[in-house]
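S.K.: The structure follows.
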Amino acid sequence: MAEFWQIGGHVQRAGRDSGSLGDLNGGSVGVGVLGPVLFLDDIRDGQVWLSALVLTRDDGDLAPLICDDGAAHPFRELACEAGWRVMRARFRGEARSTIRYSALGTTYELAGAFGGNLNIAFASCNGEEHGDLDRDPEERNVMWARLLREHKVRPFHLLLHGGDQIYADEVTQGHPLSEDWPDHLPKDPSREGLEDLRAHLRRGFFERYVSFFLGCPDMLALAATVPSLCQWDDHDICDGWGSLRRSRTYSPIGQTLFDVARETALLFQHACVDGDLPGRFHDPEGLSLSWRIDLPDLRIVAPDLRSERTRRQVMGRIGWEMMDDLLNAMPTRRLIVVSSVPLLGPRLSILEAVMVAIPQMQKYEDDLRDQWQSRAHRSEWRRMLELLRSISELGQTDITIVSGEIHLATRGTMPLGQGRVLHQLIASGVAHRAPPNAWARVLGWLAVLGDSPLSGAPIRMQRLPGQRRRYVAERNTLTLRRVDGEWGAIWDLEQSGPTAPLPV
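In terms of the working numbering, the sequence shown opens at residue 24 and continues consecutively.
Now the structure itself:
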């Protein structure tokens, strides 16, 4: 992997390494500081609350972040691992005006006020299950480069990350307690063994996050002026987390894995640690990482579909509490729901029944149980759809769902009543390479059957503008634009290019 020296938003190549954090900690590597990476903490009382994350290998203090009004905000150390210190500065600006700040010797300007026209980018599935650290960075990160080029032409106000920001599936390898996860687990691991496992996993998760920052200067350049909002999915923990059997996820090894994944997700996806979660989180204890942001005429909510997940439920008490509270919230013209797993999709229960019946296919059961449409989650799926329909009716609210997960691009619709339509937009595979076209055709055939979990509200999978098939097997990202109060969606497809705007 190429190394980069990121100072004040400028990137310089500094040689090559093998991509491991051990190498990154060696004396020959010329990396001093990475960042800043902006995160949107909250919007309230007309103020935008932001965090700037910086990674540094220097033991000294960083110069404070300076706001446009001259106020200085110190960088505080959140964590330290393998020679890297994770530093954060929190600051704020006016929600209805341009926000500028200076950090690491460079002044940055955000796109501008959130009350008028908006330009929001969405990306998901940033990696692959095997060998992700060994990929050619230019090939891996081509869609990030395109997002940066788009930002330079039409600046983004927000960057939504819809899940699988890293693929941590290989971090369990190399330790005797987790080498065979999840197939075989030691029956009674010692306390010392689990502490050693925790250290091994922590270093592995750091490697995933830091290596991405090192290898993707285009994303770093984007993130210095576009605040991120993240919601995790299974690969940020391990493949199928929550859909694996209880004997795995609730084992000492499974709980250690989850704890470390959560700790590093808080650091690198939310710029925080336990005890100081941003105000947008529904649960200040962080047992569920569900969050909500209220902007002028727009509400964005991201239910956590992993922290409370089991084989029999997608969300637990805390996650549902946040969603149910939306019924009593001040109505908004537009609701965007970040559902890491698509809420609208084909009738996967048929495929699920076939796979369970064929022994050779049973290894894919966890992948299908991950979906809202799984037979195990059908009543909960109906509950979510009914809730969204009620929110739309009570508040006269237009609702859009954005999701990743499936490594394809597609969209779905479901009528909500009163002339409104629930739009499901799926953009999946900012870095994950697309599956074969044959799989896209299989899903397209299933979509022909349709599904109607709510009476009188049939789900239909639709084609993207200009596409012949319902599912597009290309890497892709999504842009949501509000222009003069009207919303549109544009997919950027790796080979086909941008679609025409779709009114939503």
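Note that beta-carbon positions come from the ideal geometry of N, C-alpha and C, so glycine has one too.
#1: Between residue 353 and residue 345, what straight-line distance do the alpha-carbon atoms span, to the nearest angstrom?
#2: In whole angstroms, give me the CA-to-CA distance for residue 305 and residue 67.
#3: Considering only residues of the same chain and omitting the five flanking positions on each side of residue 163, which have a CB-CB separation below 6 Å?
#4: Give me the Cα-Cα distance between residue 471 and residue 199, rounded to the nearest whole angstrom.
#5: Could you tell me which uninterrupted alpha helix (DSSP H) segments, each at least 4 residues in length, are contained entirely in the stretch 192-242, listed from first to last along the chain?
#6: Give the straight-line distance between the Cα atoms of residue 434 and residue 505, rounded to the nearest whole angstrom.
#7: Is it buried or exposed, residue 512, if we count other Cβ atoms within 10 angstroms and call 16 or more buried?
#8: What first and last residue would you give for the alpha helix (DSSP H) that runs through residue 467?
#9: At the level of alpha carbons, what is the spacing between residue 284 and residue 221?
#10: If you follow the beta strand (DSSP E) that residue 426 is part of, which residue opens it and which one closes it?
#11: Scan the stretch 320-381 and note each continuous alpha helix (DSSP H) run of 4 residues or more that stays entirely inside, going in chain order.
#12: CB residue 150 to CB residue 122, shorter than 8 Å?
#13: What would DSSP say about residue 521, mapped onto helix, strand or coil?
#14: Counting along the chain, where does the alpha helix (DSSP H) carrying residue 168 start and finish?
#15: Quick one: Cα of residue 394 to Cα of residue 426, how far?
#16: Applying the 10 Å Cβ sphere with the 16-neighbour rule, what's the burial state of residue 459?
#17: Indicate the three-state DSSP secondary structure (helix, strand or coil) for residue 104 in the structure shown.
#18: Can you grab the Cα-Cα spacing for the pair residue 465 / residue 209, in whole Å?
#19: What are the complete alpha helix (DSSP H) segments, minimum 4 residues, inside the stretch 469-499?
#20: If you draw a straight line from the C-alpha of residue 286 to the C-alpha of residue 312, how long is it?
#21: Which residue wins for smallest C-alpha separation from residue 275, given the options 213, 320, 299?
#22: Across the stretch 287-303 and the stretch 228-242, are there enough close Cβ pairs to call them in contact, namely three or more that are closer than 8 Å?
#23: Cβ atoms of residue 260 and residue 350: under 8 Å apart, would you say?
#24: Following the continuous alpha helix (DSSP H) through residue 404, name the residue where it begins and the one where it ends.
#25: Which stretch, first to last residue, makes up the alpha helix (DSSP H) that contains residue 283?
#26: Can you tell me which of 397, 320, 218, 197 puts its alpha carbon nearest to the alpha carbon of residue 278?
#27: Got a sec, what are the start and stop residues for the alpha helix (DSSP H) residue 270 sits in?
#28: Am I right that residue 474 and residue 369 are in contact with their C-beta atoms under 8 Å? What's the rounded C-beta distance?
#29: How big is the Cα-Cα spacing for residue 107 and residue 239?
#30: Is the stretch 320-333 touching the stretch 67-86 in the sense that three or more CB pairs, one from each, lie closer than 8 Å?
#31: Can you name, in chain order, every residue of its own chain whose Cβ lies under 8 Å from the Cβ of residue 81, other than the five neighbours on each side?
#32: Using the Cβ count rule (16 or more neighbours within 10 Å means buried), how would you classify residue 58?
#33: Alpha carbon to alpha carbon, what distance is there between residue 83 and residue 270?
#34: Output the distance between the C-alpha atoms of residue 85 and residue 341, rounded to the nearest integer angstrom.
#35: Report all residues from its chain with a CB closer than 7 Å to the CB of residue 441; omit the five preceding and five following residues, and keep chain order.
M.R.: The relevant details are as follows:
#1: Translated into the one-based positions of the sequence shown, residue 353 becomes position 330. Translated into the one-based positions of the sequence shown, residue 345 becomes position 322. About 14 Å.
#2: The sequence position of residue 305 within the sequence shown is 282, counting from 1. The sequence position of residue 67 within the sequence shown is 44, counting from 1. Each residue's Cα considered, the two are about 14 Å apart.
#3: Translated into positions along the sequence shown, residue 163 becomes position 140. The answer, listed in chain order, is 454.
#4: Position 448 of the sequence shown, counted from the start, is the residue given in the question as residue 471. Position 176 of the sequence shown, counted from the start, is the residue given in the question as residue 199. Between residue 471 and residue 199, the alpha-carbon positions lie close to 47 Å from each other.
#5: Within the stretch 192-242, the complete alpha helix (DSSP H) runs of at least 4 residues fall at 214-238.
#6: As a position in the sequence shown, residue 434 is number 411, starting the count at 1. As a position in the sequence shown, residue 505 is number 482, starting the count at 1. A straight line joining the alpha-carbon of residue 434 with that of residue 505 spans about 19 Å.
#7: The residue you call residue 512 lines up with position 489 of the sequence shown. Classification for residue 512: buried.
#8: On the sequence shown, residue 467 is found 444 positions in, with the first residue counted as 1. Membership of residue 467 in the alpha helix (DSSP H) is indicated by the continuous run 460-472.
#9: Taking the sequence shown and counting its residues from 1, the one referred to as residue 284 is at position 261. Taking the sequence shown and counting its residues from 1, the one referred to as residue 221 is at position 198. Roughly 10 Å between the two C-alpha positions.
#10: Against the sequence shown, residue 426 aligns to sequence position 403. For residue 426, the enclosing beta strand (DSSP E) starts and ends at 421-426.
#11: Counting only runs of 4 or more residues that sit fully inside the stretch 320-381, the alpha helix (DSSP H) segments are 340-348, 371-380, in chain order.
#12: The residue you call residue 150 lines up with position 127 of the sequence shown. The residue you call residue 122 lines up with position 99 of the sequence shown. Taking 8 Å as the Cβ cut-off, residue 150 and residue 122 do not qualify as a contacting pair.
#13: Along the sequence shown, read from residue 1 onward, the residue named residue 521 stands at position 498. Strand at residue 521.
#14: Residue numbering aside, residue 168 sits at position 145 when the sequence shown is read from its first letter. It spans 165-176 - the alpha helix (DSSP H) in which residue 168 sits, taken as one unbroken run.
#15: Stepping through the sequence shown from its first residue, residue 394 is reached at position 371. Stepping through the sequence shown from its first residue, residue 426 is reached at position 403. Residue 394 and residue 426: Cα-Cα distance of roughly 12 Å.
#16: Residue 459 sits at position 436 when you count from the first residue of the sequence shown. Here residue 459 is exposed: its Cβ has fewer than 16 other Cβ atoms, across all protein chains shown, within 10 Å.
#17: Taking the first residue of the sequence shown as 1, we reach residue 104 at position 81. It is a strand residue.
#18: Locating residue 465 in the sequence shown gives position 442, where the first residue counts as 1. Locating residue 209 in the sequence shown gives position 186, where the first residue counts as 1. A direct Cα-to-Cα measurement between residue 465 and residue 209 gives close to 39 Å.
#19: Entirely contained in the stretch 469-499, not one alpha helix (DSSP H) run reaches 4 residues.
#20: Sequence index remark: in the sequence shown, residue 286 carries index 263 (1-based). Sequence index remark: in the sequence shown, residue 312 carries index 289 (1-based). If I take the Cα positions, the gap works out to 12 Å.
#21: Along the sequence shown, one-based indexing puts residue 275 at 252. It is 213 whose Cα lies nearest to the Cα of residue 275.
#22: As far as the Cβ criterion goes, the stretch 287-303 touches the stretch 228-242, which means the pair count is three or higher.
#23: In the sequence shown, the residue the question calls residue 350 occupies position 327. In the sequence shown, the residue the question calls residue 260 occupies position 237. No, the pair does not count as a contact, with Cβ atoms beyond the cut-off.
#24: Residue 404 sits at position 381 when you count from the first residue of the sequence shown. First-last of the alpha helix (DSSP H) with residue 404: 401-418.
#25: Translated into positions along the sequence shown, residue 283 becomes position 260. Start and end: 275-293.
#26: Counted from its first residue, the sequence shown places residue 278 at position 255. Comparing alpha-carbon positions, the option among 397, 320, 218, 197 lying closest to residue 278 turns out to be 218.
#27: Residue numbering aside, residue 270 sits at position 247 when the sequence shown is read from its first letter. In the DSSP assignment, residue 270 falls within the unbroken alpha helix (DSSP H) covering 269-272.
#28: By one-based count along the sequence shown, residue 474 stands at place 451. By one-based count along the sequence shown, residue 369 stands at place 346. In this structure residue 474 touches residue 369 by the C-beta definition: roughly 7 Å separates them, less than 8 Å.
#29: Taking the sequence shown and counting its residues from 1, the one referred to as residue 107 is at position 84. Taking the sequence shown and counting its residues from 1, the one referred to as residue 239 is at position 216. Going by the C-alpha atoms only, they are around 18 Å apart.
#30: Contact between the stretch 67-86 and the stretch 320-333 is absent, because fewer than three Cβ pairs lie under 8 Å.
#31: Translated into the one-based positions of the sequence shown, residue 81 becomes position 58. Once the five neighbours on either side are set aside, the close Cβ partners of residue 81 are 55, 56, 108.
#32: Translated into the one-based positions of the sequence shown, residue 58 becomes position 35. Burial check for residue 58: the Cβ neighbour count within 10 Å reaches 16 or more, so the residue is buried.
#33: The sequence position of residue 270 within the sequence shown is 247, counting from 1. The sequence position of residue 83 within the sequence shown is 60, counting from 1. If I take the Cα positions, the gap works out to 45 Å.
#34: Reading the sequence shown from its first residue, position 62 is the one you call residue 85. Reading the sequence shown from its first residue, position 318 is the one you call residue 341. Spanning the two alpha carbons is a distance of roughly 38 Å.
#35: Mapped onto the sequence shown, residue 441 falls at position 418. These residues qualify, in order along the chain: 416.
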